[in-house]
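Novice: Residue numbers (the working numbering): 27 to 311.
Using N, Cα and C, we set each Cβ at its ideal position, and we do this for glycine too.
Since we're looking at a predicted model, the values are computed, not measured.
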Amino acid sequence: MILRQVRDTAADAEAVQELSLAAFADPALPGPAAAPTPLQLARTRHLARTDPEGCWLAESGGEPVGAVLSMRREGLWAPSLFAVRPQAQGKGVGRLLLERAAAHSRGCLRGMVCASASPAARRYRLAGFTLHPAMRLTGRVDRAGLLDPGDIPVHRGGAVHRHLLDSVDRRLRGSAHGPDHELMLGHFEELLIADALAGSGYCYRDGGEVKLLAATTKRIAARLLREALARVPDGVEARVEFLTAEQEWALDVGLEVGLTPQSRGFVGLRGMRPPAPYLPSGAFL
27 MILRQVRDTA ADAEAVQELS LAAFADPALP GPAAAPTPLQ LARTRHLART DPEGCWLAES
87 GGEPVGAVLS MRREGLWAPS LFAVRPQAQG KGVGRLLLER AAAHSRGCLR GMVCASASPA
147 ARRYRLAGFT LHPAMRLTGR VDRAGLLDPG DIPVHRGGAV HRHLLDSVDR RLRGSAHGPD
207 HELMLGHFEE LLIADALAGS GYCYRDGGEV KLLAATTKRI AARLLREALA RVPDGVEARV
267 EFLTAEQEWA LDVGLEVGLT PQSRGFVGLR GMRPPAPYLP SGAFL
């Protein structure tokens, strides 16, 4: 078996995402796995460019058997994807991949990862992450539960708001997302911004999914979440993921609009307390 860096090529992006789909496929569901999305492919190539030393592919007999993607952002190290083909699990492939990617974290005082419940939990724990159980909210939005927005305006944002995004990120998690915002702006449906005397914050929404939310106060965060859910098209299921115990404000909003909470994976943190109010992105943390 050999380990090599993931290259910024269409072939490597497709190989990494095929591995991911195979590793996390539900064996109870018949039929072929879904095709990778444009964002998944773009995420792989983006991180291969920005963080080549944190992105590795394991190959055996010329075939990919495992992959890890990770990033450094201003002193915060974040694994974005960790997948091992089912036939190769339990053979040390995952350990070698994560060890190689973890070398990219040298000098980083903080770490963050989001993951579904999987064998990866053991590897993240051994890497020093504290695992915080998480929930997700799903369901159709009951618009009768959308409260009056009050006096906090929310509007669409864009690249001109990068200073606000970076400022909020640094306040909550000690590091900006940096170039990741460019990718998110290009692939998510909309960015929502709140900037008032009461505080500031932002939220990415894509269809029915809230992808990332950060705010300086719970009041701003709740306002952004309600606005994002209000914009979910009729008939589309809403989804809000990776709520830890520190995000009860989000749970309350979800329950008010008829969403159902379920246990779902964990948020792993190293050298830092859970940022709040904050809903991380599974891919960009």
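What would DSSP say about F50, mapped onto helix, strand or coil?
Specialist: F50: helix per DSSP, three-state reduction.
Novice: T70 by DSSP, collapsed to three states: which one?
Specialist: helix
Novice: Near G183, which residues of its chain fall below 7 Å by C-beta distance, leaving aside the five closest residues on each side in sequence?
Specialist: L217, L218, I219, Y228
Novice: Checking the sheet assignment: what are the DSSP bridge partners for W82?
Specialist: Q31, V94
Novice: Measure from the alpha carbon of S106 to the alpha carbon of each residue in Q113, H72, D38, then state which is nearest.
Specialist: Among Q113, H72, D38, the Cα nearest to that of S106 is on H72.
Novice: To the nearest whole angstrom, what separates the beta carbons of R265 and M161, a pair I think is in contact under 8 Å?
Specialist: Not a contact, Cβ separation roughly 12 Å.
Novice: If you pair each beta-carbon of the stretch 254 to 268 with each one of the stretch 228 to 244, do three or more pairs fall below 8 Å?
Specialist: Flag = yes, the stretch 254 to 268 and the stretch 228 to 244 touch.
Novice: Taking 8 Å as the cut-off, is the C-beta of S142 nearer than that to any heavy atom in the ligand FMN?
Specialist: No copy of the ligand FMN appears in this structure; indeed no ligand is present at all.
Novice: Does the stretch 36 to 45 come close enough to the stretch 82 to 94 that 3 or more CB-CB pairs lie under 8 Å?
Specialist: Flag = yes, the stretch 82 to 94 and the stretch 36 to 45 touch.
Novice: State buried or exposed for I28, treating a residue as buried only when at least 16 other CB atoms are found within 10 Å of its CB.
Specialist: exposed
Novice: Quick one: grab the DSSP three-state call for Q288.
Specialist: strand
Novice: Using C-beta distances below 6 Å, list every residue in its chain close to D192, excluding the 5 sequence neighbours before and after it, in chain order.
Specialist: A202
Novice: What does DSSP give as the partner residues of A241 in its beta bridges?
Specialist: G227
Novice: Considering only DSSP beta bridges, list what R75 is partnered with.
Specialist: Looking at the DSSP assignment, R75 forms no beta bridge with any residue, so it has no partner.
Novice: Just to confirm, are G165 and L305 a CB contact at a threshold of 9 Å?
Specialist: no
Novice: Check for me: the beta strand (DSSP E) holding V110 runs from which residue to which?
Specialist: Start and end: 102 to 110.
Novice: By DSSP's criteria, M161 is part of a beta bridge. Which residues make up the other side?
Specialist: L269, S289
Novice: In the DSSP assignment, find the alpha helix (DSSP H) that holds D260 and state where it starts and stops.
Specialist: Annotation: D260 is outside any alpha helix (DSSP H) and is labelled neither H nor E by DSSP.
Novice: Let me know if D278 comes out buried or exposed under the rule of 16 or more other beta-carbons within 10 Å of its beta-carbon.
Specialist: exposed
Novice: Quick check on V317: does DSSP put it in helix, strand or coil?
Specialist: The first residue shown for the chain is 27 and the last is 311, placing residue 317 beyond what the model contains.
Novice: Classify L172 as helix, strand or coil using the three-state DSSP reduction.
Specialist: coil
Novice: In chain order, what residues of the same chain have a beta carbon less than 7 Å from the beta carbon of D232, not counting five sequence neighbours either side?
Specialist: F214, E215
Novice: Does DSSP put V194 in a helix, a strand or coil?
Specialist: helix
Novice: Can you tell me which of L45, V139, R33 puts its alpha carbon nearest to the alpha carbon of G294?
Specialist: V139
Novice: Tell me whether the beta-carbon of V283 lies closer than 9 Å to the beta-carbon of D168.
Specialist: yes
Novice: What does the Cβ neighbour count give for L152, buried or exposed, with the cut at 16 atoms within 10 Å?
Specialist: exposed
Novice: What does the Cβ neighbour count give for P259, buried or exposed, with the cut at 16 atoms within 10 Å?
Specialist: Classified as exposed, P259 has fewer than 16 neighbouring CB atoms from the shown chains inside 10 Å of its CB.
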